[in-house]
Amino acid sequence: EMKLDDSYFVGELMIPGLTGTSPAAIANLAELQWFIDRYGSEYLTLLIDGLATDVIAWYPPESINPDEGKPEIDYIELLCEQIYATPSPVAAYVYFHFWRNRYTETTSMNEVRMVSENAIIQDGVNKTVHAWNDMVKRSREVWDYLHANSDNYPTFDTARRFPFDKINTFNL
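Counting with our numbering, you get residues 6 to 177 for the letters of the sequence shown.
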């Protein structure tokens with residue numbers, strides 16, 4: 006189960022309307038959870054491939070029974086500390102896909118752009134591009150860490166190409 010939740014979507018990665026008991030808040034939270042489940046694991050697979058299963062299965066140290074013991078150095082924990090740090094590259098990846106999906110609404114008539122009352126809709130492309138590029142930067146830090154410590158991560162394929170490229174608002 007992904008360790009990412011709605012608490013990561015604050016500040017520059019703000020997704021409003023996730024709190025409360027209204028039907029809209031419950032629907033927004035359910036939609037975000039779908040994106041976390043779908044794109045969080047996709048991100049991990051793209052970035053760390055064979056280590057993704059270990060990272061998804063990892064639980065924070067406070068959830069481990071101390072009587073069971075644990076290795077002196079938990080390398081998966083060190084990796085998770087980077088992936089789930091705030092701001093998190095996996096949260097930025099999910100944020101990008103969440104908002105990209107909301108640029109239009111699917112209706113029985115085709116894709117439409119909703120009209121807002123008492124507001125002027127601004128294009129959110131710049132924010133999503135910024136989130137994507139920040140994700141690329143933070144993912145590169147994780148990638149470089151894995152390369153520098155590859156002896157500790159034998160299932161990480163160091164011959165693979167870095168999976169993400171920066172983008173711009175013109176999609177060039």
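Ideal placement from N, C-alpha and C gives every residue a C-beta, glycine not left out.
Please list the terminal residues of the continuous alpha helix (DSSP H) segment that includes residue i.
i: W104; result: P94 to N106
i: W39; result: P28 to F40
i: V134; result: V130 to A153
i: V88; result: In the sequence on display, residue 88 carries Ile and not Val. Per DSSP, I88 belongs to the alpha helix (DSSP H) from Y80 to I88.
i: S12; result: Careful: S12 lies outside any alpha helix (DSSP H) and carries neither H nor E.
i: E47; result: S46 to I53
i: D59; result: A57 to A62
How big is the Cα-Cα spacing for residue i and residue j?
i: N173; j: R105; result: 14 Å
i: V95; j: S27; result: 28 Å
i: I53; j: Q87; result: 12 Å
i: G16; j: T133; result: 13 Å
i: P76; j: F14; result: In this predicted model, P76 has a pLDDT of only 47, less than 50, meaning its place in the structure is not dependable; the value taken from the coordinates is given anyway. Roughly 32 Å separates the two Cα atoms.
i: H135; j: Q38; result: 22 Å
i: S144; j: A29; result: 33 Å
i: E36; j: L18; result: 16 Å
i: E82; j: A32; result: 32 Å
i: K171; j: V141; result: 6 Å
i: N154; j: E146; result: 12 Å
Measure how close the beta-carbons of residue i and residue j come, nearest whole angstrom, since I'm counting them as under 8 Å.
i: V99; j: F40; result: 5 Å
i: L151; j: F161; result: 5 Å
i: F101; j: W137; result: 5 Å
i: A90; j: D139; result: Going by Cβ atoms, the distance from A90 to D139 rounds to 12 Å, so no, they are not a contact pair.
i: L9; j: S93; result: 7 Å
i: Y158; j: Y80; result: 6 Å
Kindly indicate if chain C contains any beta-carbon less than 9 Å away from that of residue i.
i: I172; result: Protein chains in the displayed structure number just one, and chain C is not present.
| Are the stretch 17-28 and the stretch 51-61 touching, with three or more C-beta to C-beta distances below 8 Å? | Too few Cβ pairs lie closer than 8 Å, so no.
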